[in-house]
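Start counting the sequence shown at 83; every next residue gets the next number (our numbering).
A short write-up of the structure that comes next.
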Amino acid sequence: MFSVTTVCHRTSDTKHPLLMITNREGNRFFFGKVPEGAQRVLNENGFRMSKVRSIFMTGIISLWSEIGGLPGLFLTVSDAVSRGLDVYVSSSSVMKYVVATWRYFVFRRDSPLNVVAANEDAVIADASAAFFPVQIAPSLLPHVLQSSQAETQSDPSMKAKVMAQIDKLTSLMFPSSTPSTENGNGNTEMQYVGIQSFVRLPELCQVTGSQPQKSLNFIIRFLPTRGKFNPKRAKELGILPGHDFKRLTSGELVNNSNGDVVHPHQVMGDAKTFPKIAVIDIPNQKYLENTIKSPEWFKITEDRGDEQYGLVYHFLGDDIDFQLEEYLSFINRFPADCTHVMSHCSIADDTLVFKTSSIHILKLKSIMNNNFNLPFFEDVQKQAPASLIKLQSLQTFKIESNGVTSDNSLVQSESWPTLFEKHVKSTCPNAEFSDSVVPLGPLSNAVSLKDHVQIVTLGTGSALPSIHRNVLSNLIRVPFLDPETNQIRFRGFMLDGGENTIGMLLRNYGHEQRAQLNQILDELCLIFLSHLHADHNLGIITVITAWLEHNSNNLKKLYLVVPFQYRDFLREWFQLEDSKFKNELNRIRFITCAQLMRQRGFEVEPLDPETFQSRLEKGDTSKPNPKNATPPLSPELWTRLQADTGLLQFETCPAIHCNWAYSVSMTFNLGENEKFKISFSGDTRPNPKFVEIGVDSDVLIHEASLDDVNIEEAIEKKHTTLVEAVRVSQLMRCRKLVLTHFSTRFSEEFNFIMSSAEYNALVARLHEYLGKSPTNIFAQQVANMPLFEDLDICYAYDLMSVRLNEIGLQKPHFKAIQALSLAENTEMQMKKDEKKERRQMKLFEKRDAKRQQRLGAGQNQSLNQSRRSPIEGKGQ
């Protein structure tokens with residue numbers, strides 16, 4: 083009738099628990115936190131976003147890791163259902179502040195994120211269940227209590243004014259209509275930059291005061307259902323079948339043929355009742371005593387009903403000992419047959435979460451053993467006390483009228499050797515299992531320092547996390563010769579950091595008690611963010627906090643090269659971050675991307691909240707804010723940056739994508755008079771300005787979001803196709819190319835370009851198709867441009883590690899990699915190919931329609947043969 087499924091428990095990928103309750107209509111309600119990785123778990127396990135109704139955030143909001151998955155989840159849900167999403171929280175003022183900090187990268191039309199304070203005096207319900215909030219205040223020290231009491235007595239008008247400003251600001255993030263800047267291509271979402279992006283938020287203390295947040299818990303009552311109708315008994319009482327039967331089942335009184343009144347209870351079975359559920363969230367010791375002593379858990383009212391508890395979830399902070407006598411006594415107050423499920427760090431198994439992508443990495447490692455680590459997870463399972471059940475992902479409890487039953491059939495318990503035998507050996511009999519770890523040290527066969535450069539494509543997807551690819555993140559390890567020891571060491575540079583980048587780092591480098599992860603955090607010295615879209619930045623905060631924690635005992639600095647708005651976002655967020663690092667932003671050195679351009683850029687001056695409110699009330703929202711020239715990078719900061727990073731040159735240029743999007747080129751001094759140059763496109767259409775700053779790069783990392791049959795979509799959404807990215811590399815005279823940021827449509831498969839003849843044919847056809855379009859990169863030529871056969875091209879996969887001198891070693895394996903995605907059943911594969919071919923033809927039709935719209939009727943020259951069908955020319 084009802085079910086409760088654990089979406090995620092505490093692992094390297096998902097840092098906090100999240101539950102999903104499904105009612106009898108199939109609607110879904112989330113309880114817990116929404117950590118980074120949550121929406122990818124939902125995708126991995128086929129949970130439909132269209133059925134999501136509400137999110138109930140338990141506990142308090144104090145860390146990005148607790149809500150880091152919420153922006154992405156909201157964007158995905160709003161795309162799936164084109165409606166808003168209700169989020170119930172303990173403190174609506176804190177959550178509204180949090181949402182306001184997202185204004186730089188969250189925008190949805192007609193799909194508001196509704197923040198609702200879950201007050202104890204209000205019942206939250208739908209047709210099948212009622213959700214009763216239980217708010218628990220922390221036990222306060224005397225001086226904190228006095229401060230809180232003083233806050234309670236302060237003038238509430240100031241807070242009301244501030245919250246009104248925030249409400250108006252966030253309303254512009256979710257407008258009911260949008261000014262059109264689409265230029266005929268319908269692409270308003272990417273280009274819209276509203277006034278809300280350039281407003282200075284009030285200080286957090288003006289929003290929250292000094293009162294600590296209350297921890298939010300829930301009691302969930304599933305409403306009784308009527309009993310079964312007994313038609314035989316109704317006939318015995320003189321009721322004729324038909325309309326009167328329906329009236330009785332609807333609860334109405336009916337007169338029989340003798341004029342006697344028949345009551346519904348005379349013909350209906352007993353109503354079905356269901357056990358209640360409690361979700362108890364105790365963030366830390368401060369909330370423990372008041373939680374276990376609260377009378378709310380066992381209060382019986384007409385609304386709450388007198389049903390007994392059947393299932394209780396305990397989400398406990400790390401500093402809480404759930405085996406203390408006081409806590410065990412609290413548990414014993416519940417019915418003896420009640421099931422207790424515990425989330426605590428001491429019994430949380432770091433299990434494999436993203437099985438589909440992990441299996442594909444296992445397959446890839448069987449082909450290119452030296453370029454992949456198997457994602458780390460724990461084989462040994464931790465034991466919970468006999469009276470408790472530990473929380474595990476995909477654990478399900480079914481709530482029936484006769485009690486609660488468990489289903490652990492989907493809980494992961496396999497090992498790498500087992501997965502290898504099942505998914506690799508069965509289709510590749512000659513494959514050999516290896517769990518070797520890719521080394522971080524210098525190569526033994528390098529002929530130059532730059533050969534040691536290591537490129538790690540942590541995430542390679544675009545738009546949103548998918549079952550095969552996480553969103554974009556790259557780690558570049560640049561060698562240098564230490565002048566003091568004459569040893570080769572490395573510095574780390576992160577290029578973009580989409581949601582759950584920290585999870586990818588933990589999986590890739592968590593082996594051997596995280597020895598490699600510690601080395602990576604030792605080396606990391608700079609993070610570059612290309613633009614503010616969510617799929618590129620939502621994972622950066624947790625990387626920063628991990629870096630701060632690891633380097634807490636030294637004086638290292640972390641350089642952030644970001645669009646200027648992201649600097650402001652971090653400063654706003656870290657007012658809330660309830661950790662020992664919230665006052666350590668002085669260890670972060672901010673440089674804006676515009677400070678590194680050849681031509682000086684500008685920054686938009688933010689409005690103060692009062693001016694913003696005044697302009698909004700007057701309807702004066704289209705007037706541009708004042709712009710200030712980007713201040714030049716100070717010589718002192720540049721000198722320090724060079725010393726800490728080994729950079730000789732650092733250049734950015736505007737990308738052709740969205741406002742304040744950038745591409746970058748970096749040149750390093752490696753020592754012994756050797757230099758290394760790397761260029762990274764970010765998201766962009768093919769860009770001559772990027773070619774200028776990236777000329778003669780040693781390696782280019784370029785987005786290749788779409789195949790060339792999707793050229794119109796690439797133009798519309800300002801992305802690059804695979805063939806265009808190759809041409810950019812040629813124009814740069816860069817002979818090593820790493821392609822990444824692939825659409826989810828690629829999944830495991832690729833249309834690899836297998837030969838120069840194939841490439842040249844594709845170039846000619848796409849050149850003809852684009853004609854005089856300003857983004858036709860094929861119309862350009864440069865001297866000494868390398869031929870296709872002179873290029874080393876590597877197609878990126880998640881958690882792939884490749885040295886500079888290994889980039890060309892993937893090509894001999896193209897056919898083997900393609901074969902990995904073939905189904906064992908030939909008939910099934912033929913049906914799959916036929917379906918892909920039909921989809922391909924629809925793409926041709928859609929593309930040509932968009933081209934006709936873009937260029938005008940009569941100018942369309944069909945390119946239906948510009949790409950071979952997926953099953954031709956593949957050597958399959």
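C-beta: ideal position from N, C-alpha, C; glycine also.
Since this is a predicted model, take the numbers as computed values, not measurements.
{"Asked": "As assigned by DSSP and simplified to three states, the class of leucine 642", "Found": "strand"}
{"Asked": "One or two residues paired with phenylalanine 663 in a DSSP bridge", "Found": "None; phenylalanine 663 has no bridge partner."}
{"Asked": "Classification of threonine 567 by the beta-carbon crowding that lies within 10 angstroms, buried from 16 upward", "Found": "exposed"}
{"Asked": "Continuous beta strand (DSSP E) stretch holding proline 194: start and end", "Found": "Element bounds for proline 194: n/a, residue is neither H nor E."}
{"Asked": "Serine 94 and aspartate 432 closer than 8 Å at C-beta", "Found": "yes"}
{"Asked": "N-terminal and C-terminal residue of the beta strand (DSSP E) that asparagine 556 is part of", "Found": "555-563"}
{"Asked": "Distance between threonine 624 and phenylalanine 84 (C-alpha atoms, nearest Å)", "Found": "35 Å"}
{"Asked": "Beta-carbon proximity list for tryptophan 655, same chain, < 6 Å, skipping 5 on both sides", "Found": "Thr183"}
{"Asked": "Other residues of its chain near asparagine 109: CB distance less than 6 Å, five sequence neighbours each side excluded", "Found": "Lys133 and Arg135"}
{"Asked": "Assigned exposure category for arginine 551 - 16 Cβ within 10 Å defines buried", "Found": "buried"}
{"Asked": "Start and end residues, beta strand (DSSP E) containing serine 488", "Found": "485-489"}
{"Asked": "Coil, strand or helix - arginine 571 by DSSP", "Found": "strand"}
{"Asked": "Delimiting residues of the beta strand (DSSP E) encompassing lysine 818", "Found": "818-822"}
{"Asked": "Length of the line joining the Cα atoms of aspartate 203 and phenylalanine 380", "Found": "16 Å"}
{"Asked": "Counted within 10 angstroms of its Cβ, other Cβ atoms place phenylalanine 113 as buried (16 or more) or exposed", "Found": "buried"}
{"Asked": "Proximity winner among Tyr648, Ile670 and Ala711, relative to leucine 611 (alpha-carbon distances)", "Found": "Tyr648"}
{"Asked": "Exposed unless 16 or more other CB atoms sit within 10 angstroms - verdict on glutamate 408", "Found": "exposed"}
{"Asked": "Burial state of valine 529 (16 or more Cβ within 10 Å)", "Found": "exposed"}
{"Asked": "Rounded C-alpha distance that separates arginine 722 from glutamate 756", "Found": "21 Å"}
{"Asked": "Same chain, Cβ closer than 6 Å to asparagine 887, neighbours up to 5 away in sequence not counted", "Found": "Asp533"}
{"Asked": "Meets three-Cβ-pair contact criterion under 8 Å: the region 444-458 and the region 613-622", "Found": "no"}
{"Asked": "Cα-Cα separation between glutamate 334 and lysine 310, rounded to whole angstroms", "Found": "15 Å"}
{"Asked": "Stretch-stretch touch, CB-based, cutoff 8 Å, three pairs: the region 757-771 with the region 793-801", "Found": "yes"}
{"Asked": "Environment of proline 261 [buried if 16+ CB atoms lie within 10 Å]", "Found": "Confidence at proline 261 is low in this model, with a pLDDT of 49, below 50, so its placement is unreliable and no value can be given for it."}
{"Asked": "Host beta strand (DSSP E) of proline 215 (start-end)", "Found": "211-218"}
{"Asked": "Beta strand (DSSP E) runs contained entirely in the region 735-786, provided each spans 3 or more residues", "Found": "744-753, 756-762 and 781-785"}
{"Asked": "Sequence-distant residues of its chain with Cβ nearer than 7 Å to leucine 254 (five each side left out)", "Found": "Gly276, Ile277 and Gln278"}
{"Asked": "Cβ-Cβ distance between alanine 959 and isoleucine 302 below 8 Å", "Found": "Outside the displayed span of the chain (83 to 958) sits residue 959, for which this structure offers no information."}
{"Asked": "Enclosing alpha helix (DSSP H) for lysine 133 [first to last residue]", "Found": "No alpha helix (DSSP H) contains lysine 133, which DSSP labels as neither H nor E."}
{"Asked": "Inter-stretch contact at 8 Å, needing at least 3 Cβ pairs: the region 287-297 / the region 322-338", "Found": "no"}
{"Asked": "Own chain partners of asparagine 866 with C-beta closer than 7 Å, once the 5 adjacent residues on each side are dropped", "Found": "Arg815"}
{"Asked": "Which residues DSSP lists as bridging glycine 523, in chain order", "Found": "Bridge partners of glycine 523: none, in fact."}
{"Asked": "Coarse secondary structure for leucine 100, derived from DSSP in three states", "Found": "strand"}
{"Asked": "Closest residue to serine 297 among Ala242, Arg282, His345 and Asn372 (Cα-Cα distance)", "Found": "Asn372"}
{"Asked": "Span of the alpha helix (DSSP H) around glutamine 121", "Found": "120-126"}
{"Asked": "Terminal residues of the beta strand (DSSP E) in which threonine 88 lies", "Found": "84-90"}
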